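Notes follow the structure.
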Amino acid sequence: MKRLDYPFKKEDVKDLKVGDMVLISGKMYTGRDAVHHRIHTGTKPPIDLTNQIIYHCGPVVLEHKDGSFEVTAAGPTTSIREEPYQWEVMRDYGIIGVIGKGGMGPKTLKGCQDYGCVYMHAIGGAAQVLAERIKSVDNVYWRDLGSPEAIWELTVEDFPVVITMDSHGNSLHKEIDEISNKKLQELL
Amino acid sequence: MAKKKKATKKFTKSKPENTDKNLHDSILELLRITSTVLPDDIQEVVLDALHREQKDTSAQYAMQIIDKNIKLAETKSQPICQDTGTIVIKVYHPPGFFQLKFRKICEKAVVKATKLGYLRQNSVDSLTGKNDTMNVGNGHPQFHFIEHKKKGIDIKCMLKGGGCENVGAQYALPNTPLEAGRDLAGVRKVILDAIQKAQGRGCGPGTLGVCIGGDRGTGHIHAKDQLLRLMTDTNPIKELDDLEKDIVKTANKLGIGPMGFGGKTTLLGCKISHLNRLPASYYVSISYMCWAFRRQGVSLKTNNTISKWLY
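Protein sequences, first through last, are from chains R and F. Just so we're aligned, residue 0 is where the first sequence starts under numbering that gives the first Met the number 0, counting upward by one. Just so we're aligned, residue 0 is where the second sequence starts under numbering that gives the first Met the number 0, counting upward by one.
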């Protein structure tokens, strides 16, 4: 088990390889379809994303009477929908990586190589295990997009992920797709 | 005398039972349990899958987290998955049932369940992009009313996540690239193709509901209905039962594994049924359900309190 601790650095990312199981501690920002779409159409993100992590997630958030927030469920959402945009965010805003599920395609893989990023796979559907690792909700931006689509600033501890796309051009998703396709042809 | 008797009766009678409130509370409880507790038959196959994976692999790691998540959600009474999905409500009712009234009460329960955090605000206006209706809007929740011969009401609820819905598929046979003809051998080919194409994106290991025949609309609905069957049941049609077993066995040789990390379990189950078709069309509709297979059901007493859980 490897670790990735805040403040994150680009050098840390280079050491991460496909197949590594990693525990993340520190900060992350949720961002999914509407956030990526808005950034793509020219709006600057409301926070400095340099050396930060974007988490493809639309959490269930309860707002308490005192105005504080509590995340009660927070698993990853399918990442492939951000395939047209993700590499641009890597290029323009200096993130070190994204967390999501299901993997991403060739554009993002190239983005990971070109801009020193990594794709981290969280366990889809594991909303409770992952919500437990969220220690605080520190802020929220772009709430007009609706709660699941807003940018939630989270502090996490020992957040479990598996590296499935690294900054060296390797993708577990590409590999499994090829192997399973070959196997399928044999079995048909 | 008669008058007096009537008066006495009125006096001693306690406040009449509010069966509408009972219905609201029963639906709320059904929503809570569906969202937070995985049914026994599903838990069993998930646990089997966990034990099958090799030690110290990311596949085993994924299954361990899934197993832990199931237990945690139940203990904390919080959603297994943050994606509430489509709230599918199937109502099996006797003749003379008031559907509109049921809808209203059910919608209230859905709003309450959303406020309590059992459900995420998950219903988006497709034109404006707004998500502010607490899961009630055009087509949400999704109701199906089925008349049955029994006196009482049964309600089944399924929360069908978006990730797994996205990897569902519909094939029109014959399919030339796959060389899939209009027979069960062709059906087998397209189902396996759909599984390979889904990879881990539907939050596998998953379960398939399949419909052979019907039109594009009924095919998908009937495919999803198959997910209401118990994991442990046997298809009464021998050919389909054989095909169900063969699909699971073959899919698990593909090596896609939990989350698409590679591994032994790609598919937990497959349930196939059929509808009549037109001479011109032969659809195979496939609904993919994630490991977080959230479905539950209740039978109601005449006062609308819960008499029995169905899964």
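Virtual Cβ for every residue (Gly too), placed ideally from N, Cα, C. This one's a predicted model, so the numbers in the text were calculated from it and none came from an experiment.
Test item: CB-CB of residue i and residue j under 8 Å
i	j	result
L207 (chain F)	S122 (chain F)	no
G124 (chain R)	I211 (chain F)	no
S201 (chain R)	G101 (chain R)	Any property of residue 201 (chain R) remains undetermined from this structure, which presents chain R solely from 0 to 187.
N251 (chain F)	T231 (chain F)	no
I52 (chain R)	I98 (chain R)	yes
P147 (chain R)	R119 (chain F)	yes
Q225 (chain F)	V209 (chain F)	yes
M103 (chain R)	V160 (chain R)	no
W151 (chain R)	T29 (chain R)	yes
G74 (chain R)	Q81 (chain F)	yes
R276 (chain F)	G203 (chain F)	no
S24 (chain R)	V139 (chain R)	no
I79 (chain F)	A279 (chain F)	no
I26 (chain F)	I154 (chain F)	yes
S166 (chain R)	L253 (chain F)	no
Y281 (chain F)	P38 (chain F)	no
L22 (chain R)	D113 (chain R)	no
Y84 (chain R)	H39 (chain R)	yes
N169 (chain R)	V17 (chain R)	yes
H221 (chain F)	S298 (chain F)	no
R187 (chain F)	I246 (chain F)	yes
V44 (chain F)	G180 (chain F)	no
V283 (chain F)	L183 (chain F)	no
L153 (chain R)	A33 (chain R)	no
Buried or exposed (CB count within 10 angstroms, at least 16 for buried), residue i
i	result
A193 (chain F)	buried
N303 (chain F)	buried
F97 (chain F)	exposed
M0 (chain F)	Unreliable placement is indicated for M0 (chain F), whose pLDDT of 40 sits below 50; the coordinate value is still reported in the next sentence. Exposed: under 16 other Cβ atoms inside 10 Å.
Q198 (chain F)	buried
K20 (chain F)	exposed
H143 (chain F)	exposed
K5 (chain F)	Annotation note: pLDDT 48 at K5 (chain F) (below 50); position unreliable, coordinate value reported separately. Exposed, since its Cβ has fewer than 16 Cβ neighbours within 10 Å.
K3 (chain F)	At K3 (chain F) the pLDDT is 45, less than 50, meaning the model places this residue with poor confidence; the figure from the coordinates comes in the next sentence. Classification for K3 (chain F): exposed.
R2 (chain R)	exposed
R90 (chain R)	exposed
P15 (chain F)	exposed
A221 (chain R)	This structure does not reach residue 221 (chain R), given that chain R is present from 0 up to 187, and the question cannot be answered.
Q184 (chain R)	exposed
K100 (chain F)	exposed
G110 (chain R)	buried
P257 (chain F)	buried
A48 (chain F)	buried
N130 (chain F)	buried
E81 (chain R)	buried
Chain B contact for residue i (CB, 8 Å cutoff)
i	result
L61 (chain R)	Given the protein chain composition of this structure (R and F), no chain B is represented.
When the options are compared against residue i, the one with the closest alpha-carbon
i	options	result
K248 (chain F)	F:V110, F:F97 and F:I190	F:I190
K173 (chain R)	R:G25, R:K106, R:M89 and R:K13	R:K106
V136 (chain R)	R:K26, R:H120 and R:H39	R:K26
G216 (chain F)	F:A168, F:R228 and F:E243	F:A168
K8 (chain R)	R:T40, R:M0 and R:T49	R:T49
Y117 (chain F)	R:I162, R:T29, R:G30 and R:Q127	R:Q127
E140 (chain F)	F:A72, F:C105 and F:K237	This sequence places Pro at residue 140 (chain F); Glu is not what is there. The shortest Cα separation from P140 (chain F) among F:A72, F:C105 and F:K237 belongs to F:C105.
L171 (chain R)	F:D24, F:D131, F:A58 and F:Y282	F:A58
E164 (chain F)	F:V87, F:D124 and F:L99	F:V87
K75 (chain F)	F:L183, F:T35 and F:K111	F:T35
T188 (chain R)	R:S179, R:L15, R:D113 and R:Y5	Residue numbering for chain R in the displayed model covers 0 to 187; residue 188 (chain R) lies beyond these limits and cannot be assessed.
G261 (chain F)	R:Q184, R:E177 and R:S166	R:E177
D40 (chain F)	F:K150, F:E178 and F:Q295	F:Q295
G115 (chain R)	R:E10, R:D4 and R:Y5	R:E10
G84 (chain F)	F:M62, F:G138, F:H273 and F:G254	F:G138
V110 (chain F)	F:D24, F:T18, F:S306 and F:L229	F:D24
L229 (chain F)	F:A222, F:I255, F:L239 and F:K270	F:K270
I145 (chain F)	F:K307, F:K54, F:H92 and F:Y60	F:H92
I32 (chain F)	F:L115, F:P235, F:D241 and F:A179	F:L115
V219 (chain F)	F:L177, F:L267 and F:V166	Here residue 219 (chain F) turns out to be His, not Val, going by the sequence shown. The option with the nearest alpha carbon to H219 (chain F) is F:V166.
C56 (chain R)	R:K182, R:L186 and R:I133	R:I133
L158 (chain F)	F:R293, F:Y170 and F:L22	F:R293
Which residues, in order along the region 18-37 of chain R, keep a beta-carbon less than 8 Å from a beta-carbon of chain F?
G18, M20 and A33
Any residues in the region 261-285 of chain F with a beta carbon nearer than 7 Å to a beta carbon of chain R? Which ones, in chain order?
G261
Check each residue of the region 125-153 of chain R: if its Cβ is closer than 9 Å to any Cβ of chain F, include it; give the result in chain order.
Only those residues of the region 125-153 of chain R whose C-beta falls short of 9 Å from the nearest C-beta of chain F are listed: A125, A126, Q127, V128, L129, A130, E131, L144, G145, S146, P147 and E148.
Counting only runs of 4+ residues fully inside the region 14-72 of chain F, write out the alpha helix (DSSP H) ranges in chain order.
18-35 and 39-51
In chain order, each beta strand (DSSP E) run of at least 3 residues that lies wholly inside the region 186-253 of chain F
205-211
Cβ-based contacts, 9 Å cut-off: residues of the region 91-103 of chain R near chain F:
K100, G101 and G102
Just list the alpha helix (DSSP H) runs in the region 19-60 of chain R, keeping only unbroken ones of 4 residues or longer that don't cross its boundaries, in chain order.
32-39
For the region 47-75 of chain F, enumerate the residues whose C-beta is nearer than 8 Å to any C-beta of chain R, in chain order.
S57, Y60, A61, I64, I65, K67, N68, L71, A72 and K75
According to a CB-to-CB cut-off of less than 8 Å, which residues of the region 63-93 of chain R neighbour chain F?
T71, A72, A73, G74, T76, T77 and I79
Along the chain, which unbroken stretches of the alpha helix (DSSP H) at least 4 residues long are found entirely within the region 57-133 of chain R?
85-92, 105-114 and 126-131
When Cβ atoms are compared, which residues of the region 219-237 of chain F fall closer than 7 Å to chain R?
none
In the region 110-177 of chain F, which residue ranges form an unbroken alpha helix (DSSP H) of at least 4 residues, counting only runs that do not cross its ends?
161-165
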